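To keep things clear, I will list the structure first and then write my remarks on it.
6 protein chains.
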Amino acid sequence: MPVILVVEDQALLQSFVADALHDGGFEAVVASSGEDAVTLLKAHNGQYRALVTDIDLKGKMDGWKVAQHAREIQPEFPIVYMSGAAAADWTSKGVPDSVMLSKPFAPAQLLTALANLLNNATPTA
Amino acid sequence: MPVILVVEDQALLQSFVADALHDGGFEAVVASSGEDAVTLLKAHNGQYRALVTDIDLKGKMDGWKVAQHAREIQPEFPIVYMSGAAAADWTSKGVPDSVMLSKPFAPAQLLTALANLLNNATPTA
Amino acid sequence: MPVILVVEDQALLQSFVADALHDGGFEAVVASSGEDAVTLLKAHNGQYRALVTDIDLKGKMDGWKVAQHAREIQPEFPIVYMSGAAAADWTSKGVPDSVMLSKPFAPAQLLTALANLLNNATPTA
Amino acid sequence: MPVILVVEDQALLQSFVADALHDGGFEAVVASSGEDAVTLLKAHNGQYRALVTDIDLKGKMDGWKVAQHAREIQPEFPIVYMSGAAAADWTSKGVPDSVMLSKPFAPAQLLTALANLLNNATPTA
Amino acid sequence: MPVILVVEDQALLQSFVADALHDGGFEAVVASSGEDAVTLLKAHNGQYRALVTDIDLKGKMDGWKVAQHAREIQPEFPIVYMSGAAAADWTSKGVPDSVMLSKPFAPAQLLTALANLLNNATPTA
Amino acid sequence: MPVILVVEDQALLQSFVADALHDGGFEAVVASSGEDAVTLLKAHNGQYRALVTDIDLKGKMDGWKVAQHAREIQPEFPIVYMSGAAAADWTSKGVPDSVMLSKPFAPAQLLTALANLLNNATPTA
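Protein chains in written order, with UniProt numbering: chain A, 1 to 125; chain B, 1 to 125; chain C, 1 to 125; chain D, 1 to 125; chain E, 1 to 125; chain F, 1 to 125.
If you want it as structure tokens, here you go:
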């Protein structure tokens, strides 16, 4: 199963996203802070197929920063942001070829966003 | 859950569409005529995230007209049409950036169509 | 239910793909060789809405050839390839407007790929 | 040279559009009313590769109607609209897969719009 | 003529870009620093239809920052970046729905990039 | 100036394409057979930014084969085909993410096709 790195600090949303991913056939690894996510990305580069991140996070690093780090590590890394109030900042703070899911969103929106990003990525042997 | 306005006058298709939406994590509000749909759109503008409409409807207003009204109320409103015989008229009677689902279609096609339209919409705070 | 022609010679993958399609509301007809698939496409042209094919197949005809035959029979036929090692050859051996799913992939990726190809196809009465 | 049917009733804009098309390597046939345009499309179906139409026209038929007629005659006909005040109505009155050029626009915008529509069209022998 | 704001501090590239824009029917206003560009965008919001910016600029503000400011002022503002060495940073530092032109690029690439961004923008009356 | 490799064996079309490219700011290197084109691609890999090829060529290698070779050498190489009678074969014989220009086409169509392919390519430092 393709593994997706999820960055979310609220237990309720962690379950919502992990369940949605599982129903679509993905495996979710959940990091509860941006700092943890970047550590995982650096340590296990190549293990994760995409990043799904909330914007507002407990630590010093918000979701915009996590995504930038992910793209510096792997320039074409698929990125999906989730946010309520911060969704309107996506056009100035998001990275190219990413998707912003405005809360509330349906699990089908998350799965379609991920699938489109993964299916458009260049296949490599 | 994001709420989708469904316009369909046949009970069997109402269930098919409502079940598909529910499985994808959407809530469905079903109007059984185009006139009812436009009344709901005018009364609760902002409550619905997208319109899913059949073309042939019992009243005087067909699905093409419902979609035009919806776009006059909200210029970028996501629209999905469903039809059998009338699907071929989409290129002359549909609105820009809409999707036509030719019957028979699978629930996954409806969910992907909706998710793509919602995910591409400009996020607003 | 829309019928999808699946070309796969391994029992495990046949089940994986057929289950995924069924969960999305599609019906799967499985051919276990490229030769069988082409025979079915020629005999029942118009019955299948899309082709999902593995690349490495037991017979003399690989998935690249099956897809080319399908497009010669019906020029806009929706094509989804599945492969591991051969995924990197898609840019030189695939047909235009097709999708390559790199193994391992999630069922949601297959459903989104198919739905996008079917939803973008020109509707015909 | 590919021939483009232009519908425009103002001499100044007729020249502007015809010059832009000519510079891009297209031939322009100019109709000064929607009625004339539809007559030409019916009489010489297959001769024109695309329609470029203003919205406000002198006769009873506006640009929205001309485009609908063109699509009824040829379902995938490439359409480019040009307008000032009426541009905002495109999302409710335009046809799918068309382009609206908001005045004032540059010749490069017209040429790119036409080229994209023609290049994406299915090639036929 | 649609007016494009160009941010470039080298005289040779200023001419190259201004000439290309002029040939495509655009008017170019050239700012020679990021700070000047932001001042112009704030003072004359609505006058410019798009931003074309180099990445390496003389002042403290590079092209990435200029684009972010432009998007904060107008959330859907069309952005085209031009760069040599910094082009590879676009996937982590660029804004969504922007275009990066890798030097050397042809005038036709600049015109097509701008035209696509302008033609896809929502028309407003 | 970005250099484009053109494969064309008719003098008249060589001039037409070379002039169009030059007007758009590209430099054209013309090979008069598919065999010559592949030799140039192998010898000077990285010098050419895109391939523009006719389908019917004098030697044993047609344009379909040249494009496949180009993609084997460089997996994402931008490809534009030009053809009259063979244009309808593009959906079965073309490579993914390529463009088919049906003759007769306008120079603006060639420039837009190339610019779109080059602008969408991943920038590399």
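Glycine residues also receive a C-beta, built at the ideal position from the N, C-alpha and C atoms. Since we're looking at a predicted model, the values are computed, not measured.
- Interface with chain B (8 Å Cβ-Cβ cutoff): C/Phe-77 is excluded.
- At the C-beta level, C/Arg-71 and F/Ser-92 come within 8 Å of one another.
- Around the beta carbon of F/Lys-60, a 10 Å sphere encloses fewer than 16 other beta carbons of the protein chains shown; the residue is thus reported as exposed.
- As a beta-bridge residue in DSSP terms, B/Tyr-81 pairs with B/Thr-53 and B/Met-100.
- In this structure, C/Val-6 lies away from A/Asn-119, with their beta-carbon atoms at least 8 Å apart.
- Look at E/Met-82: its C-beta is not under 8 Å from any C-beta on chain D.
- Listed as beta-bridge partners of B/Val-6 by DSSP are B/Val-30 and B/Val-52.
- If you look at D/Val-17, you'll find it in the alpha helix (DSSP H) that goes 11 to 23.
- Taking E/His-44 as reference, the option from E/Ile-4, E/Ile-79 and E/Gly-24 with the minimal CA-CA separation is E/Ile-4.
- Residues of the same chain with a CB within less than 6 Å of the CB of F/Met-82, apart from the 5 flanking positions on each side, are Asp-54 and Leu-101 in chain order.
- Excluding residues up to 5 positions away in sequence, Gly-34 lie with their Cβ nearer than 8 Å to the Cβ of E/Lys-65 in the same chain.
- E/Pro-104 is outside the set of residues whose beta carbon lies under 8 Å from a beta carbon in chain D.
- Only residues of its own chain outside the window of five on either side were considered, and among them Ser-32, Leu-57 and Lys-58 have a CB closer than 6 Å to the CB of F/Asp-9, listed in chain order.
- The beta carbons of E/Leu-110 and E/Ile-73 sit no closer together than 8 Å.
- For B/Pro-107, the residues of chain C that pass the 7 Å Cβ criterion are Gly-24 and Gly-25, in the order they occur in the chain.
- In this structure, A/Leu-114 sits away from A/Phe-77, with a CB-CB distance that is not shorter than 8 Å.
- What D/Ala-115 touches in chain F, judged by beta-carbon distance under 8 Å, is Ala-106, Ala-108, Gln-109, Leu-111, Thr-112 and Ala-113, going in chain order.
- Distance from the Cα of C/Gly-46 is smallest, within the candidate group C/Pro-2, C/Pro-104 and C/Phe-16, for C/Pro-2.
- Around the beta carbon of A/Asp-19, fewer than 16 other beta carbons lie within 10 angstroms, which makes this residue exposed.
- Nearest Cα to D/Asp-36 within the set D/Gly-84, D/Gly-63 and D/Ala-106: D/Gly-63.
- The Cβ of A/Leu-21 sits no closer than 8 Å to any Cβ of chain B.
- For D/Pro-75 and D/Val-38, the gap between their C-alpha atoms comes out near 14 Å.
- Exposure of A/Leu-12 is indicated by the presence of fewer than 16 other C-beta atoms within 10 angstroms of its C-beta.
- One alpha carbon belongs to D/Trp-90, the other to B/Asp-89, and they sit about 18 Å apart.
- When secondary structure is reduced to three states using DSSP, E/Pro-75 falls in the coil class, being assigned neither helix nor strand.
- When the beta-carbon positions are compared, E/Val-95 and E/Ala-67 come within less than 8 Å of each other.
- Counting only Cβ-Cβ distances below 8 Å, F/Val-99 has contacts in chain D at Asn-119, in chain order.
- Cβ atoms of D/Pro-107 and D/Asp-23 come within 8 Å of each other, at about 7 Å.
- In this chain, the alpha helix (DSSP H) harbouring F/Gln-109 covers 107 to 120.
- For E/Lys-58, no alpha helix (DSSP H) segment is defined, and its DSSP state is neither H nor E.
- For B/Arg-49, no chain D residue has a C-beta closer than 8 Å to its own C-beta; the minimum C-beta separation is roughly 16 Å.
- Using a Cβ-Cβ cut-off of 7 Å, D/Gln-14 is close to nothing in chain B; its nearest Cβ partner there is about 26 Å away.
- Under the Cβ distance rule, C/Ala-88 counts among the residues neighbouring chain F, one pair being separated by less than 8 Å.
- Cβ neighbours of A/Ala-28 within its own chain (closer than 6 Å, five residues either side excluded): Ile-4, Val-6, Ala-18 and Leu-21.
- Separation of D/Thr-112 and F/Asn-116 (C-alpha to C-alpha, rounded to the nearest whole angstrom) is 10 Å.
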